[in-house]
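Okay, so the sequence shown: first residue is 71 according to our numbering, each after it adds one.
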Amino acid sequence: MDASQRLSAAASFILQSPPGEINDVISDLRTIVNDDDALQEGIQSSLEKYNQEQFVCVSVPGQEHQVIVSGAGSIPESGRFLDPRSKTSFVFDHLTLTASEPEPVEVDAESEPFRSALEESTLKYLAEYFQEGVASVFASNPSTFIIQIVANKYNPQNFWSGRWRSEYTIDLEKGEISGKVLANVHYYEQGNVQLQTVYTPTFPLPTGLTPSSAPKILAIIGEKEGEHERALSDAYADLGEKSFKSLRRALPLTRQKLDWDKVLGYKLGAELAASRGAFGTA
């Protein structure tokens, strides 16, 4: 494999990095590529894509909260990102994961009242259901708003990590909410298992919307996420009771018997499905 092929493979590995393990992946890639300058240049675009897709969070200088770095907050042709909560834009370093050069931004007067109301209700929802998660609410235009939520749990001592991401696009003209909820879990004790789930609900908005309707919208979102969480829990129970056991052999290739009852106790699904509150920013 020549240098260009190694860099291409490295970029692919970046995009597949499990939650909270990107630094470990980069460290391994440095050994493989053996050229830090070439590696940094070769994976830059993949890092930018990964950070935005994974809802990486950053603290903006001068602010006490974190903001999600994503495509929804990217300011076109500027290389800057928006923190709508503090009405600030900033430069984000995708390698060091730091924000710099904060500048005030002028918000859209027409969309800000509704966006601000959504933000207030989203933060209350976050505090109730997530442990130290992060949420950002963006206004794409006066009639379209995007709610993003991310929560992480990294537990290397017990060989697992997890990430929950939610994104809801609220379209006032269409009168609907389209969502995307992604859960990722990596379990790597004496093995390597990754779980990825995607849930894409679409549901109508309440009628007669005003900024005071924001709590109703978040109540609907909470109901949908609760249904999804219960469905995940049922699926994991079925996985343990049926699917895992169907894989058993009379005697494994290791010539040692496997304690299948212990398999049922693995935390791969249980930690994810027990409660959205299991996740924190870490």
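Ideal placement from N, C-alpha and C gives every residue a C-beta, glycine not left out.
- Below 8 angstroms, enough C-beta pairs join the region 236–252 and the region 205–219 to call them touching: three or more.
- Across the structure, G292 and L193 are spaced so that their CA atoms are roughly 12 angstroms apart.
- Taking the Cβ atoms as the reference, L302 lies roughly 7 angstroms from T267, within the contact range of under 8 angstroms.
- Within a 10 Å sphere around the beta-carbon of P89 sit 16 or more other beta-carbons, which makes this residue buried.
- Only exposed fits F273, as fewer than 16 other CB atoms lie within 10 angstroms of its CB.
- Around R150, the same chain offers S159, F160 and V161 as residues with beta carbons nearer than 7 angstroms, after the five sequence neighbours per side are excluded.
- Remark: fewer than three beta-carbon pairs, one from each stretch, lie closer than 8 angstroms, so the region 249–266 and the region 113–121 are not flagged as touching.
- Ranked by how close their Cα comes to the Cα of I113, the residues F200, A221, E259 and A79 have A79 in first place.
- In terms of Cβ geometry, I92 and S116 do not form a close pair [threshold 8 angstroms].
- Of the residues assessed, N222 falls on the buried side of the cut-off, its CB having 16 or more other CB atoms within 10 angstroms.
- Closest in alpha carbon position to V137, among A169, D106 and S148, is A169.
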